[in-house]
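Asker:
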Amino acid sequence: MLKITQLIARNATVANLAGSRSLQPRLYSNAVAVNEEATTTTPNAATNADEPIEMANPFEKEPQQCILCKHNITPNFKNVKLLSQFQSPYTGRIYGRHITGLCKQKQQDVEQAISRAQHSLLMPGYHKDVDFLHDPKLFDPEKPVRPHKY
Ligand SMILES: [Zn+2]
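By the numbering used here, the letter at position 34 of the sequence shown is numbered 44, and the numbering carries on one by one without gaps.
1) Of the residues Pro-73, Ile-104 and Phe-149, which one's Cα is nearest the Cα of Met-133?
2) Applying the criterion that 16 or more other CB atoms from any shown protein chain within 10 Å of the CB defines a buried residue, is Asp-150 buried or exposed?
3) Buried or exposed: Phe-96, going by 16 or more other Cβ atoms within 10 Å of its Cβ?
4) Let's test the definition: count the other Cβ atoms within 10 Å of the Cβ of Ile-66 and tell me whether it reaches 16, buried, or not, exposed.
5) Looking only at its own chain, which residues have a Cβ that is under 8 Å from the Cβ of His-144, when we skip the five neighbours before and after it?
6) Measuring alpha carbon to alpha carbon, tell me which residue in Gln-117, Asn-89, Gln-118 and Cys-79 is nearest Ser-130.
7) Out of Lys-91, Ser-125, Ile-77 and Thr-101, which one is the CA nearest neighbour of Phe-142?
8) Run the CB neighbour count on Ile-124, radius 10 Å, all protein chains shown included, and call it buried at 16 or more, exposed below.
9) Would you kindly check if the distance between the Cβ of Leu-93 and the Cβ of Pro-99 is under 8 Å?
10) When we look at the beta-carbon of Phe-140 and count the other beta-carbons within 10 Å, is it buried (16 or more) or exposed?
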């Protein structure tokens, strides 16, 4: 008890020595703190509005898909009109993946379907069917997706 009273007395003397000068800044600082609290509470909504908004990445690349995957087409050996578009009109050769731009699976399916159609005599082997010569081109064989390796 004695110690506490002594401390209080010391503090009182310090306050007295410092006078009103030491008290004023304290009050001022308290007031500022109160003001800060007030200001931080009211414009909180405004600062939230300035915060970045959660949104989809506008620079994200769309996933690359081959033309058959994009339209969800599974090559069938009876769909000769489609399969002939992957065949050279001069030699009947099936265009490679570097020209067709198909994914591995679809290219394999197309090649399998073409060979099956040729075996079942639905498609010619050494030229393109004359009926399909003027079909729209899915790709330009002169401008392959990837350059030729030879
Ligand atoms: Zn694909």
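For glycine and all other residues, C-beta sits at the position ideal for the given N, C-alpha and C.
Remember, predicted model here, so these are calculated numbers, not experimental data.
Answerer: Looking at the atomic coordinates:
1) Ile-104
2) exposed
3) buried
4) Rather than Ile, the amino acid found at residue 66 in this sequence is Ala. By the 10 Å Cβ count, Ala-66 comes out exposed.
5) none
6) Asn-89
7) Lys-91
8) buried
9) no
10) Here residue 140 is Val; the residue named in the question, Phe, does not match the sequence. Answer is exposed; the Cβ neighbour count stays below 16.
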